[in-house]
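Take a look at the structure below.
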Amino acid sequence: GWQDSSIRFYEKLDKNVKKKSVILKAHCSSVYLTKFTICDNFFLSGSINGNLKFWSTKTKKLLLNYENFYDPVWDAAFSKKNSFFVTGGSNKSLLMWNSSQIYPLRIFKGHSSDINVVRWHPCDSVFASGSSDSLSFLWDIRSAKAIGKVESYESSIHSLEFSPNGFEMAIAGLSNKIDFWDIRMNKLRKRIVDKLDKNMVTSLTYGKTDEVFAHTSENRNVKIFRNFFLKNFGLGNKKKKKIFKPILMPTKFNKIFQLRFNLRNRLMILGT
Numbered sequence: 001g002w003q004d005s006s007i008r009f010y011e012k013l014d015k016n017v018k019k020k021s022v023i024l025k026a027h028c029s030s031v032y033l034t035k036f037t038i039c040d041n042f043f044l045s046g047s048i049n050g051n052l053k054f055w056s057t058k059t060k061k062l063l064l065n066y067e068n069f070y071d072p073v074w075d076a077a078f079s080k081k082n083s084f085f086v087t088g089g090s091n092k093s094l095l096m097w098n099s100s101q102i103y104p105l106r107i108f109k110g111h112s113s114d115i116n117v118v119r120w121h122p123c124d125s126v127f128a129s130g131s132s133d134s135l136s137f138l139w140d141i142r143s144a145k146a147i148g149k150v151e152s153y154e155s156s157i158h159s160l161e162f163s164p165n166g167f168e169m170a171i172a173g174l175s176n177k178i179d180f181w182d183i184r185m186n187k188l189r190k191r192i193v194d195k196l197d198k199n200m201v202t203s204l205t206y207g208k209t210d211e212v213f214a215h216t217s218e219n220r221n222v223k224i225f226r227n228f229f230l231k232n233f234g235l236g237n238k239k240k241k242k243i244f245k246p247i248l249m250p251t252k253f254n255k256i257f258q259l260r261f262n263l264r265n266r267l268m269i270l271g272t
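Everything in the sequence shown is counted per UniProt numbering, starting at 1 for the first residue and increasing by one.
Right, here's the structure in full:
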């Protein structure tokens, strides 16, 4: 998304092929949000004035305009197992949508400030939100009620991810701290404080197994943890695994927007 209200859509990149892009125009204000569905056949766009639009990646055509009540929208997340997605923004409320319907299905209330990040739990009947009020909630989509509340973080939350097994949630924001919340025990399991980097954490992600975790900050260096410290829940082993020093990976990016591990557990970095 761009500040001139346009969307630039890139075909899958090949290092041997010149980059191809298509400019899509339907918004009337700056586009702050683009999210693909799990199948990659569609994507969602959101602008600063609250407009939400649903597009086809094959035809590059606008399919649906959603009747969004609030503005702006800061984040959205698609379910992996159905056609639902959730949005959060400046209104302090979360909305759950069916991608084929223009009106929201559920409204979730509990935050007292902007909602900056939303993520689905691996079970897909629960999702989490992080807000500028320094709180994170776990929400049940069937009852539209909070079933968990995280109050350990002391500043605005901008990054949030679930571990692949769904037992843990990593939280970060306007500080150099990362909290790891035990969802089943409902308590803080571990806090990482980067004493050598005072910048805020801008993105974090788990690998496809619980053994790998990565994060980055405003200094644009990426740190990767292997043999991570999660307990082996499945075998009932209460002994914590040793935390090894992270692998430091300097980058040449001016700004890093997102970290993600692909299906081969290789780290992908999106930035400029």
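Note that the Cβ used here is the ideal one computed from N, Cα and C, for glycine as well.
Beta-bridge partners assigned by DSSP to histidine 215: Leu204, Lys223. In this structure, Phe137 is the residue among Asn82, Phe85, Phe137, Pro164 with its C-alpha nearest to the C-alpha of isoleucine 157. Assignment of asparagine 186 by DSSP, reduced to helix, strand and coil, places it in the coil class. Phenylalanine 180 sits in a strand when the DSSP states are folded into three classes. A direct Cα-to-Cα measurement between alanine 214 and alanine 77 gives close to 20 Å. Around the beta carbon of glutamate 168, 16 or more other beta carbons lie within 10 angstroms, which makes this residue buried. Taken through DSSP and simplified to helix, strand or coil, phenylalanine 167 comes out as coil. If you check the CB distance, leucine 259 and threonine 216 come in under 7 Å.
For the pair alanine 144 and arginine 106, the CB atoms are nearer than the 7 Å cut-off. Here phenylalanine 108 is buried. Its C-beta has 16 or more other C-beta atoms within 10 Å.
Collapsing the DSSP output to three states places histidine 158 in a strand.
A buried status is given to methionine 96, since no fewer than 16 other beta-carbon atoms sit within 10 Å of its beta-carbon.
Around the beta carbon of leucine 160, a 10 Å sphere encloses 16 or more other beta carbons of the protein chains shown; the residue is thus reported as buried. Out of Trp120, Ser79, Lys223, the CA that lies nearest to the CA of valine 212 is found in Lys223.
One thing to note: glycine 207 has its Cβ within 7 Å of the Cβ of asparagine 265. The beta carbon of isoleucine 192 lies closer than 6 Å to those of Ile178 in the same chain, with the five residues before and after it left out. In this structure, aspartate 75 and valine 31 do not form a Cβ contact; the two beta carbons are roughly 13 Å apart against a cut-off of 8 Å.
For tyrosine 10, the enclosing beta strand (DSSP E) starts and ends at 6-10. Contact annotation: threonine 251 and arginine 220 have beta-carbon atoms nearer than 7 Å. Residue pairing for alanine 172: DSSP places it in a beta bridge opposite Ser159, Ile178. Residue state for threonine 59 is assigned as coil, using DSSP reduced to three classes. Secondary structure of threonine 34 (DSSP, three-state): strand.
Distance between methionine 249 and aspartate 197, taken at the CA atoms: about 14 Å. In the DSSP assignment, asparagine 116 falls within the unbroken beta strand (DSSP E) covering 115-120.
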